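Undergrad: This is the structure, below, for whatever I ask next.
In our numbering, the protein residues as written are 2 to 264.
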């Protein structure tokens, strides 16, 4: 009995370091962020009591339907993310585990990251305005566009901002709306010359879009596979690469004629 007890004690002593290592792995913070579908905002409407898009120096038109930019919500840059959080995120269809450095760039502190995200948003808004006015052959000297969207940072709303400006000023170019009365959501960066760029978290953004009533989702073509991975039922993907191509696709959706690309 004594020798058996001694063996058990020896095993227990040997296991203690292993148990300690497991405990540390479970409880220690890891360099990941756990993300989920975030808010969406109709760029053709108001946000927190203020219009998202305000245009002066040109006649604007009344629009119908919605153009919803989409976001993801992620644990903060200084949040404690444990192994348990990561495992839970891996097995959830409503969450995604992403490297923290891929979510938060531009600094080491929360203030630095927030400042970087706001700078990216401002640059995105300027590019969106330039892209829209270039597409419509309007001069920025005559037309002034103000974009306001509280509590959102980064460049991924660029495409939707641009489409919103175009819809308010010119619609589909033939008296109709770019939306065709639908709720259309999407994501994508934009350059001043109208090139659409990839973003991140598109699988989560499609969920946010469908949750808020969208039936069509505009996705950068390079991210079709990601968007299809967890595609909600009832949401149609339309891949895009340029502003001109996006508007052509929206016109085809509205008219019911022409070719609309798919992922």
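Glycine included, each C-beta is placed from N, C-alpha and C at the ideal position.
None of these values were measured; they are calculated from a predicted model.
Between residue 212 and residue 223, what straight-line distance do the alpha-carbon atoms span, to the nearest angstrom?
TA: Residue mapping note: residue 212 aligns to position 211 of the chain shown, counting from 1. Residue mapping note: residue 223 aligns to position 222 of the chain shown, counting from 1. Distance between the alpha carbons of residue 212 and residue 223 is about 24 Å.
Undergrad: Could you have a look at residue 148 and say whether DSSP puts it in helix, strand or coil?
TA: In the chain shown, counting from the first residue as 1, residue 148 sits at position 147. It is a strand residue.
Undergrad: Just checking, does the region 115-128 make contact with the region 35-45 on the three C-beta pairs under 8 Å criterion?
TA: no
Undergrad: Would you call residue 43 buried or exposed, if buried means 16 or more other Cβ atoms sit within 10 Å of its Cβ?
TA: Sequence index remark: in the chain shown, residue 43 carries index 42 (1-based). Buried, since its Cβ has 16 or more Cβ neighbours within 10 Å.
Undergrad: Between which two residues does the alpha helix (DSSP H) carrying residue 158 extend?
TA: Within the chain shown, numbered from 1, the residue matching residue 158 stands at position 157. Counting along the chain, residue 158 falls outside any alpha helix (DSSP H), and DSSP gives it neither H nor E.
Undergrad: Among 154, 132, 177, 98, which one has its Cα closest to the Cα of residue 116?
TA: In the chain shown, residue 116 corresponds to position 115, counting from 1. Closest option to residue 116, Cα to Cα, is 154.
Undergrad: Since I believe residue 216 is in contact with residue 233 (beta carbons under 8 Å), could you give me their beta-carbon distance rounded to a whole number of angstroms?
TA: Reading the chain shown from its first residue, position 232 is the one you call residue 233. Reading the chain shown from its first residue, position 215 is the one you call residue 216. Actually they do not touch by this definition, with Cβ atoms about 10 Å apart.
Undergrad: Pick from 221, 263, 169: whose alpha carbon is nearest that of residue 58?
TA: Within the chain shown, residue 58 is the residue found at index 57, counting from 1. Considering only alpha carbons, the answer is 169.
Undergrad: Residue 251 and residue 173 - do their beta-carbons sit closer together than 9 Å?
TA: Numbered from 1 along the chain shown, position 172 holds the residue referred to as residue 173. Numbered from 1 along the chain shown, position 250 holds the residue referred to as residue 251. Going by C-beta atoms, residue 173 is nearer than 9 Å to residue 251.
Undergrad: Considering just the uninterrupted stretch of the beta strand (DSSP E) at residue 34, what are its terminal residues?
TA: The sequence position of residue 34 within the chain shown is 33, counting from 1. That run of the beta strand (DSSP E) goes 33-43.
Undergrad: CA-CA distance, residue 264 and residue 95?
TA: Translated into the one-based positions of the chain shown, residue 264 becomes position 263. Translated into the one-based positions of the chain shown, residue 95 becomes position 94. Rounded to whole angstroms, residue 264 to residue 95 spans 21 Å at the Cα level.
Undergrad: Where does the unbroken alpha helix (DSSP H) through residue 212 begin, and where does it stop?
TA: Here the question's residue 212 lines up with position 211 in the chain shown. That run of the alpha helix (DSSP H) goes 203-212.
Undergrad: With residue 187 as the anchor, note down where its beta strand (DSSP E) starts and where it stops.
TA: Sequence index remark: in the chain shown, residue 187 carries index 186 (1-based). Looking at the DSSP string, the run of the beta strand (DSSP E) that includes residue 187 is 184-187.
Undergrad: Quick check: is the beta carbon of residue 149 nearer than 9 Å to any beta carbon in chain B?
TA: Absence of chain B from the displayed structure is noted, only one protein chain being present.
Undergrad: Just to confirm my understanding: we take residue 145, look at its own chain, exclude 5 residues before and 5 after, and list those with CB closer than 6 Å. What are they?
TA: As a first step, residue 145 must be located in the chain shown, where it is residue number 144. Correct list, in chain order: 57, 58.
Undergrad: Cβ of residue 187 within 9 Å of Cβ of residue 205?
TA: Start at 1 with the first residue of the chain shown, and residue 187 comes out as number 186. Start at 1 with the first residue of the chain shown, and residue 205 comes out as number 204. Not in contact: residue 187 and residue 205 (Cβ atoms no closer than 9 Å).
Undergrad: In whole angstroms, what separates the C-alpha of residue 28 from that of residue 192?
TA: The residue you call residue 28 lines up with position 27 of the chain shown. The residue you call residue 192 lines up with position 191 of the chain shown. Note on residue 28: pLDDT 47, under 50, position unreliable in the model; the coordinate value appears next. A direct Cα-to-Cα measurement between residue 28 and residue 192 gives close to 43 Å.
Undergrad: So for residue 276, helix, strand or coil by DSSP?
TA: The displayed coordinates of the chain run from 2 to 264. Any statement about residue 276 would go beyond what the structure contains.
Undergrad: Report buried or exposed for residue 203, applying the criterion of at least 16 other Cβ atoms within 10 angstroms of its Cβ.
TA: To locate residue 203, count along the chain shown from 1; it is residue 202. With 16 or more Cβ atoms within 10 Å of its Cβ, residue 203 is classed as buried.
Undergrad: Confirm, please, whether the CB-CB distance from residue 41 to residue 226 is below 9 Å.
TA: For this step, residue 226 is matched to residue 225 along the chain shown. For this step, residue 41 is matched to residue 40 along the chain shown. The answer is no: Cβ separation not under 9 Å.
Undergrad: If you follow the beta strand (DSSP E) that residue 55 is part of, which residue opens it and which one closes it?
TA: As a working note, residue 55 is residue 54 in the chain shown. Judged by DSSP secondary structure, residue 55 falls within the beta strand (DSSP E) whose first and last residues are 54-57.
Undergrad: My understanding is that residue 259 touches residue 253, with C-beta atoms under 8 Å, so please give their C-beta distance in whole angstroms.
TA: Position 258 of the chain shown, counted from the first residue, corresponds to residue 259. Position 252 of the chain shown, counted from the first residue, corresponds to residue 253. Between residue 253 and residue 259 the Cβ distance is about 3 Å, and since that is below 8 Å, they are a contact.
Undergrad: What residues in its chain sit with their C-beta under 6 Å from that of residue 118, if we drop five residues either side in the sequence?
TA: Sequence index remark: in the chain shown, residue 118 carries index 117 (1-based). So the list reads 154, 155, once near-sequence residues are dropped.
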